[in-house]
Each structure stands twice: as structure tokens, then as C-alpha cells.
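Have a look at the structure below before the remarks.
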Amino acid sequence: ADASKTCISAQCTGKFSIRLVPDQDPEKVKKVVTAHLEKEFAKLNSPNKMSVILSHGAKAWLSNPTHPNYEAGARATERVYGRRPDFTREGGSIPITSFIEDATQMNVLLLPVGASDDMAHSQNEKYNKSNLVNGIKVLGLYIHELSKVKGPKPSSCRCEPLTEEELMIPGAFMKGFRCKCEI
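Read in order, the letters of the sequence shown are residues 13 to 195 in our numbering.
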């Protein structure tokens with residue numbers, strides 16, 4: 013936009029995002045933030061109008077990094093990169109993770125293969141070819157490591173392995189990832 017123009021726009025739009033943490037409800041956060049904005053806007057005694065629109069919202073997702081699924085991913089990553097991965101919490105917008113975990117009652121793993129300087133979602137986003145090649149290796153080794161997971165998990169559980177009938181219970185379709193006491 014040309015900064016030398018002196019006209020006043022007929023409308024103003026502001027956008028912001030809020031990264032939720034576990035146990036925060038997107039609808040409750042929307043209500044609290046909207047109430048605060050309306051309260052502050054009312055103090056202006058403006059003849060203008062304000063509206064708040066939540067374009068999308070999702071619960072924060074937090075998984076169990078000690079789960080066998082994560083151990084398989086860690087072993088695969090270590091074999092490709094020569095060191096164990098750091099399990100970090102990061103703000104991001106991947107709402108499907110919570111949905112998949114809730115729908116299947118299974119552990120979900122995000123297996124990132126990008127670099128910290130990729131500038132994801134920016135105009136200058138990039139992806140190194142070496143990350144693509146190594147990502148393919150990690151994925152293949154992850155599937156291989158996953159195939160080694162046996163028996164009920166967590167290891168503290170003493171349940172017998174699931175029967176074929178029990179494997180048909182929703183959320184129990186990955187043998188060894190669920191035990192009878194969790195179903």
C-alpha cells in the first residue's frame with residue numbers, strides 16, 4: 013500500500029491467533045477474548061461496529077513421548093541422523109492430530125523432517141533436498157521399527173496380547189499398541 017495516501021478506509025480488519033495449551037477449550041477462549049474486546053471497544057464510545065469471527069479453533073494436542081510409537085520414531089530418527097531426537101513442545105496448527113487420536117483412541121506421532129530454518133508458511137518457505145531424502149529414510153525405518161513392537165503396552169501392563177476379536181474393537185486395530193486394561 014502507498015503510505016502517502018491520506019484517505020481513511022471504510023473498514024478495518026485485524027487478525028491474530030492464539031495458541032492454546034492442554035486443557036484450554038477453543039470455544040471458552042473465544043467467549044473470553046470476545047467479551048474482553050467488546051468491553052474495551054465499548055469504552056471508546058465509537059459509532060462504529062465491531063465483530064469478532066473465529067475462523068477456526070482446535071484443542072491443543074499433547075501426546076505421550078514414552079509410548080512405543082514414539083520409541084519407534086526415535087530409533088528411526090537416530091539411525092538416520094546419528095542422534096536421538098529432542099522431544100519438544102511447539103505451538104502449531106495441526107488440528108487433525110487431536111481428531112485422529114480422539115476418533116481412534118490411538119497414539120498419534122508427528123514425525124517432522126524439516127529444518128528449523130525452513131520458515132514454514134512464510135513467503136520464503138524452503139525445504140532442503142537432503143531433508144526430503146532423509147525424511148523418506150526415517151519414514152521407512154519408522155515403519156520397520158514399528159513392526160518390531162510386540163505385546164501389550166505400556167510394559168508395566170501384564171495383560172495377554174489382544175485376540176483377533178479384541179482387535180476389532182475400535183481403537184485396538186494396531187496389535188501391541190493397546191492393551192486390554194486400556195480398552
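Idealized CB from N, CA, C, for every residue including glycine.
Look at H48 here: in three-state DSSP terms it is helix. Separation of the CB atoms of V33 and A72 is rounded to 5 Å, and the pair is thereby assigned contact status at 8 Å. A distance of 8 Å or more separates the beta carbons of N136 and A127. Residue state for K141 is assigned as helix, using DSSP reduced to three classes. Close CB contacts of E50 within its chain, under the 8 Å cut and outside five residues either way in sequence, are with M62 and V64 (chain order). Scanning its chain for C-beta atoms nearer than 7 Å, with the 5 sequence neighbours on each side dropped, one finds no residue around S67. Below 8 Å, too few C-beta pairs join the segment 99-119 and the segment 143-153 to call them touching: fewer than three. Under the DSSP assignment, I112 falls in the alpha helix (DSSP H) whose first and last residues are I108 to T116. Going by C-alpha positions, Y93 is about 27 Å away from M118.
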